[in-house]
């Protein structure tokens, strides 16, 4: 039977309960929620409660006066047990009271010592001692980290310290925490061997958009409601940006917008679009995996040849003559004028149809939907949204640039109903000193670690074991190197701190790696750590982030963090304090001085030291006033008690993201060149199945909280592998069976989910799962600029086992609604 | 700033929708809930309500019911093949709430694959898997009504395994 909570009633929020602003800490959309807390010995009643409604009556659909069991918990607040309800905010313009299957479980996914939820959360610093991890104090743990780290770094020489650090908002990220870590590693130090949570280098996911002058988040969500065409590329918003789809894209469709989707897979988003807009108003270009660039260049060529361009916009706002930025190692294509791009990108619709495996007529139709002027001669509005399908796909740089070419040529950036934006994963919340010292292309950190480089590794909420490429090799080497240090530590049990540090350093110098893991749970890579440091999340601290339309909000702290856990910014500050102290003890005073400036007591101190310095209008107090609707960045001022923001970028037609003084956007002059990342074409030739991969609706990110959520783990105990019925029959696979996915670089496992809409020899596997890591079978080859190509992966499949009791009972029906 | 841009369709659906008709159809089978003594207990006290007789059910044809009261519409189904949790001689009789636990839209039954589907945001629930959300936005599986069948074939609902949308107590008080 499906998991049921057997909850028949919930405590009622009393009138006068404390209310806190919450922005959902999961996806980029950043839905508004309200957190209500009240003492455990109080409750509202049907007649007297927070809502003012008579709760002895059945409430109507879409009511604000109901909450699900997943929205309720009992947690600690200032040391006291309190009731907690976190429910969607009906007054937030982002979600208008809608909650997703992820966000509406925020309360249930808080640690509760009363209800036993999320007992996996870390409560104490842990140090590897006596053959396992022992709980200890911050001072003890940070002293060991600082002493070992200080042995491998020096002024102007920090290359043996490797750092993996999140750069996102929401969750445990945000402006406070990116600043705390950024100030430590890019301010006090100049660490160049670093990477970001979802990729093996410290780089942008959208270098080309920025190089062309266009910030990747340039519209407002309202643009979907007033456009003529919604152009979705490598994106599945009903599952991964749910309330953007439900609350902004759907109203756009109901107002007449047509939808164009480019994806090798028929997603549930396409089904939903057909339901809303009518199938005749949805065009799915189901291209061969990795051929987006050929398609976009053909669309660009056709649109330009038809003259469906915005000549005034091109003349006024884009670079006019030839090449502005020549192709080199840091720029994998020429950037320049519209005409230069036309020349370089030229490809016929017939040729693209052949490469992409779609009908030429559909490419022409797509071009018409994007750009052909309306019958009355007025211009067509088109909003373009892309995400991991091309960000983690073939030839990232040229492909994103080619898509942006279309938007620029048709004048669809900085206009109502336009925009060319990534949809995003996490929220954003990046504020750090310059990363210019890292270089471009950035160092390929995972490969350097595999090759034996690095001596100390600081990890901030990254789990390479679940979310990197070439993960089989990475885990093998990382286990070996960190085990060398564990064995050295075990051999010196009972030694003094000085002796222990010597033993660790000796193991490091013999090829070992000392691993420090800052996280909210004991992650998979954390199994290899020598010191584990417990962090808190949004809501357990005050935290600021912006969403996919640059909407900045403050999530107010509504509960205590678990045990000794601290905000990452304060962990970074205390690590800086410890490094300063140790360096001074060692007589390295000049270097120690670089670690001053961390006398922060609260996350607000970190915010004021970082983001506020660059944005002096913005304070916690003002953000509190702005509530869940916040303010859209950049913030331009403060008037009449309100922060004044920017609903849409580039309305003046001046493009600045590349830093060019002329304010002119550049076009991408990059032709189609096949599968660009090393090893991809060979892997395709040698293996039967495409292992396309991505996210699901129900599982947030790498399941770090969901792996301990009964509702979610009941639905998907293992990552699913969607496979065509005839393919499954040939392999003897039935629903719920466990399959092994294997190729030249590794192997992993997944649960078979037979999907009639899957094309022959093309599967889709859930990425980032703890119980079957898709990254194990992704080869090491990256796109230019060390952008990983997770999507184009090929492997073979065999059966390992029949369905288990956990999988045999599941629903394996179609996800497509049938009304 | 109030900016509720949800489509009107939902509200119209509710106004004209199945809640009232289902309640009307089922009203004759409702037995008044037990009096207020439930309020002093740790769990609500569910009534035993006769929903229908087995002879009235046709395979894979949904019957509108309501439980535990007229304002909580549901569906009674004889699926045609045994399922875990099913009752009756064929082990195939089940009953569910039809208020989507996401936003309370009324679910419609798809006889083709025996699922309940939401017209508002496209969630779907599997009637053959205990109301598991096959795909969707709700943070709980579909509330299922616990059934008992007596010697005469009368089908009684006697409990609910999840919180019903729109009420903070499955028994209104």
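Residue numbers (my numbering), protein chains in the order written: chain A, -13 to 805; chain B, 1498 to 1670. Backbone N, C-alpha and C define an ideal beta-carbon position, used for all residues, glycine too. As the structure is a prediction and not an experimental result, all values here were calculated from the model.
key: Any C-beta of chain A under 8 Å from that of residue 1521 of chain B   = Confidence is the limiting factor: at residue 1521 of chain B the pLDDT is only 39, short of 50, which leaves the residue's position unreliable, though a coordinate-based value still follows. Answer no: the Cβ-Cβ gap between residue 1521 of chain B and chain A never drops below 8 Å.
ask   = Could you give the C-beta distance for residue 614 of chain A and residue 539 of chain A, rounded to a whole number, given that I count them as a contact under 8 Å?
value = 6 Å
request  = Evaluate residue 684 of chain A with the Cβ neighbour count: other Cβ atoms within 10 Å of its Cβ, from every protein chain shown; 16 or more gives buried, anything less gives exposed.
outcome  = buried
inquiry  = Tell me which residues share the same chain as residue 237 of chain A and place their Cβ nearer than 6 Å to its Cβ, disregarding the 5 neighbours each side in the sequence.
reply    = 211
inquiry  = Is it buried or exposed, residue 1550 of chain B, if we count other Cβ atoms within 10 angstroms and call 16 or more buried?
reply    = exposed
request  = State the DSSP-derived secondary structure class of residue 1644 of chain B, mapped to helix, strand or coil.
outcome  = strand
request  = Express the C-alpha separation of residue 62 of chain A and residue 118 of chain A in angstroms, rounding to a whole number.
outcome  = 29 Å
query = Using Cβ-Cβ distances below 9 Å, what residues of the segment 1607 to 1633 of chain B are close to chain A?
reply = 1607, 1609, 1610, 1611, 1612, 1614, 1615, 1616, 1617, 1618, 1619, 1620, 1621, 1622, 1623, 1625, 1626, 1627, 1628, 1629, 1630, 1631, 1632 and 1633
C-beta neighbour in chain A for residue 1446 of chain B, strict 8 Å = Past the edges of chain B, shown from 1498 to 1670, lies residue 1446 of chain B, and the structure says nothing about it.
request  = Would you kindly work out how many angstroms separate the C-alpha atoms of residue 519 of chain A and residue 130 of chain A, rounded to a whole number?
outcome  = 12 Å
ask   = Would you report the Cα separation of residue 1523 of chain B and residue 1587 of chain B, rounded to the nearest angstrom?
value = Reliability fails at residue 1523 of chain B, whose pLDDT of 42 lies under 50, so the model's placement of it is uncertain and the value that follows must be treated cautiously. C-alpha separation (whole angstroms): 24 Å.
query = When DSSP builds the beta bridges, which residues end up paired with residue 269 of chain A?
reply = A:246
task = Figure out for me which residue from A:714, A:694 and A:336 has the closest Cα to the Cα of residue 742 of chain A.
result = A:714
request  = Using a Cβ cut-off of 9 Å, pull out every chain B residue sitting near residue -4 of chain A, in sequence order please.
outcome  = 1660, 1665 and 1666
ask   = What's the gap between the Cα of residue 474 of chain A and the Cα of residue 569 of chain A?
value = 24 Å
inquiry  = Please list, in chain order, the chain B residues whose beta carbon lies closer than 8 Å to that of residue 52 of chain A.
reply    = 1601, 1662, 1663, 1664 and 1665
message = Per the DSSP calculation, residue 707 of chain A is bridged to which residue(s)?
response = A:738 and A:751
inquiry  = Just verifying my parser: in three-state terms, what is the DSSP assignment at residue 531 of chain A?
reply    = strand
message = So if DSSP puts residue 180 of chain A in a beta bridge, which residue, or which two residues, is it bridged to?
response = A:149
query = Which residue's Cα is closest to the Cα of residue 582 of chain A: A:653, A:494 and A:169?
reply = A:169
Bridge partner(s) assigned by DSSP for residue 1603 of chain B = B:1596
ask   = Any idea if residue 1538 of chain B is buried or exposed, counting beta-carbon neighbours within 10 angstroms, 16 or more meaning buried?
value = exposed
query = Considering only residues of the same chain and omitting the five flanking positions on each side of residue 403 of chain A, which have a CB-CB separation below 8 Å?
reply = 209, 212, 213, 214, 367, 368 and 369
task = Mind listing the chain A neighbours of residue 1635 of chain B? Cutoff is C-beta to C-beta under 8 Å, in chain order.
result = 54 and 87
query = residue 1582 of chain B touches chain A at which residues, Cβ-Cβ below 8 Å?
reply = -13
task = Please compile the residues from chain B whose C-beta is within a distance smaller than 7 Å of the C-beta of residue 42 of chain A.
result = 1669 and 1670
query = Can you pull the DSSP bridge partners for residue 768 of chain A?
reply = A:774
query = How about residue 1638 of chain B: is its C-beta nearer than 8 Å to some C-beta of chain A?
reply = yes
ask   = By DSSP, does residue 1591 of chain B sit in helix, in strand, or in coil?
value = strand
Burial state of residue 372 of chain A (16 or more Cβ within 10 Å) = buried
message = Please tell me whether residue 505 of chain A and residue 592 of chain A are closer than 8 Å, where the distance is taken between their beta carbons.
response = no
ask   = If you check the beta carbons only, do residue 531 of chain A and residue 619 of chain A fall under 8 Å apart?
value = no
ask   = Nearest-angstrom Cα distance between residue 235 of chain A and residue 45 of chain A?
value = 27 Å
ask   = Who are the Cβ neighbours of residue 772 of chain A in its own chain at under 7 Å, not counting the five residues just before and after it?
value = 186, 187, 189, 427, 428 and 430
inquiry  = Could you tell me the alpha carbon to alpha carbon distance between residue 1585 of chain B and residue 1546 of chain B, rounded to whole angstroms?
reply    = 16 Å
ask   = Mind checking if residue 1598 of chain B is an interface residue toward chain A, Cβ cutoff 8 Å exclusive?
value = yes
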